[in-house]
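**Q**
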Amino acid sequence: MRTTLNVKYTEKDAARASGAKWDCKTKSWYADTPYALVSLTDVQPDAPSRLWLNIAYDKRDRAKRAGGVFDGDARCWYARDAAAFQKLIKLGIAATPNPKFMAYAAPLLQREDDGGFAAFDTDL
34 MRTTLNVKYT EKDAARASGA KWDCKTKSWY ADTPYALVSL TDVQPDAPSR
84 LWLNIAYDKR DRAKRAGGVF DGDARCWYAR DAAAFQKLIK LGIAATPNPK
134 FMAYAAPLLQ REDDGGFAAF DTDL
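Going by the working numbering, the first residue of the sequence shown is number 34, and it counts up by one from there.
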């Protein structure tokens, strides 16, 4: 699931923060995780099933302790519930999602009847 992105040089830092990766061989940016795909493209899966996050490798141990889970198939981190999602972002373990991703994740964040999802402060 690798999608090539058209990223301007002035927008490279924002793209990287949203999960984009640089391919030095093809000299192009790409998205290969669900978080990056939703954050940087118009591809929107039918319904959000996980609260995907962009977590750096060196923060993996802290992420696990704070409620982060790594999906090996998707090669991407997600939060086990809305409280963990908020905690991972506020502690600086996960990158702050951009507004596009927050709009996608809103149904999951506002769902209270599914064992642990509660109201979420969307003004991070």
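For glycine and all other residues, C-beta sits at the position ideal for the given N, C-alpha and C.
With A116 as the anchor, note down where its alpha helix (DSSP H) starts and where it stops.
**A** Taken as a continuous stretch (DSSP letters only), the alpha helix (DSSP H) holding A116 covers A115 to K123.
**Q** Hey, could you find the ends of the beta strand (DSSP E) A64 is sitting in?
**A** Counting along the chain, the beta strand (DSSP E) containing A64 begins and ends at S61 to A64.
**Q** Is D75 helix, strand or coil when you go by DSSP?
**A** Coil.
**Q** When the Cα atoms are used, what is the spatial distance from G101 to K41?
**A** Approximately 31 Å between the Cα atoms of the pair.
**Q** In this structure, how does DSSP classify D104 when only helix, strand and coil are distinguished?
**A** Note: D104 maps to strand in three-state DSSP.
**Q** Assign A127 to one of three DSSP states: helix, strand, or coil.
**A** The answer is strand: DSSP assigns A127 an E or B state.
**Q** For T36 versus T66, is the C-beta spacing smaller than 8 Å?
**A** No. Outside cutoff.
**Q** Considering just the uninterrupted stretch of the alpha helix (DSSP H) at D46, what are its terminal residues?
**A** Its alpha helix (DSSP H) spans residues K45 to A50.
**Q** Taking all protein chains shown into account, do 16 or more other C-beta atoms lie within 10 angstroms of the C-beta of Q143, making it buried, or fewer, making it exposed?
**A** Exposed.
**Q** Give the secondary structure of K58 by DSSP, where H, G and I count as helix, E and B as strand, and everything else as coil.
**A** In this structure, K58 counts as coil in the three-state DSSP scheme.
**Q** Taking only the alpha-carbon atoms, compute the straight-line gap between W85 and D56 and give it to the nearest angstrom.
**A** Computed Cα separation, rounded: 22 Å.
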